[in-house]
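Enquirer:
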Amino acid sequence: MKKFLFLCLGLFLTLAGAASAQTLSPLGIWQNSEKKATFEIYKCGNKLCGKIVSLTVPNDPKTGKPKTDTVNPDPKLRSRPRLGMVFMQGFEYDSDNKWDDGKIYDPESGKTYSCYMKMENANTMEVKGYIGFSLIGKSQTWTRVK
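Take the sequence shown: its letters are residues -21 to -1, 1 to 125, numbered as in mature numbering (1 follows the signal peptide of the UniProt record, and there is no 0).
Written out as structure tokens, the structure reads:
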């Protein structure tokens, strides 16, 4: 009887440990705190990428036409549409619900930053863009769109 109880306890602890070690997934549709756009995080090969799937203001108020990447440092890319733009790429799972070694492009400034994504819970994640070291940079909290 004691062996059976120890066996059940061991099995329970093993399953509980495995459940707590599960990774929260950033795959899906997200919105930043400014609510200017929604983004899709998806698999691209064995890494994660992100693209713009909707804009609160999709058209340029000056022209009435769909917004483009007007401030891109590469003149050849300035006419590409923002809607559907892949602006995040290269994210690899690091540990502890964190995807690192990615790049994020800001279409409002034309600048590209190193970036990581860290899941806080199933519906909230921290996205941090930085230059050099991740200690200095800008963080945003993104919320999953249901």
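In this text, a Cβ means the ideal position worked out from N, Cα and C, and glycines have one as well.
(1) Nearest to Phe70 by CA position, among Ile83, Leu62, Pro60, Arg61, is which residue?
(2) For Ser74, report the span of its beta strand (DSSP E) as first-last.
(3) Count the C-beta pairs between the region 41 to 48 and the region 25 to 32 that are closer than 8 Å, then say yes if the count reaches three, no if not.
(4) Would you mind stating whether Pro86 and Met64 have Cβ atoms separated by less than 8 Å?
(5) Between Trp9 and Asn100, what straight-line distance do the alpha-carbon atoms span, to the nearest angstrom?
(6) To the nearest angstrom, how far is it from the Cα of Glu19 to the Cα of Leu6?
(7) Per the DSSP calculation, Val106 is bridged to which residue(s)?
(8) For the beta strand (DSSP E) containing Val50, list its first residue and its last residue.
(9) Which whole-angstrom value is the C-beta distance of residue 169 and Lys97, which I expect to be below 8 Å?
(10) Distance check for Lys125 and Ser12, CA to CA, integer angstroms please.
(11) Would you kindly check if the distance between the Cβ of Tyr109 and the Cβ of Ser88 is under 8 Å?
(12) Looking at C-alpha atoms only, which residue of Cys23, Ala16, Lys41, Ser4 is the closest neighbour of Ile31?
(13) For Ser113, tell me which candidate among Pro52, Lys55, Tyr95 has the shortest Cα-Cα distance.
(14) Given a threshold of 16 other Cβ atoms within 10 Å of its Cβ, counted over all protein chains shown, does Trp121 qualify as buried or as exposed?
Expert: With the structure as the only source:
(1) Ile83
(2) 65 to 74
(3) no
(4) yes
(5) 13 Å
(6) 7 Å
(7) Met96, Gln119
(8) First-last for Val50: undefined, no H or E at that position.
(9) Any property of residue 169 remains undetermined from this structure, which presents the chain solely from -21 to 125.
(10) 15 Å
(11) no
(12) Ala16
(13) Tyr95
(14) buried
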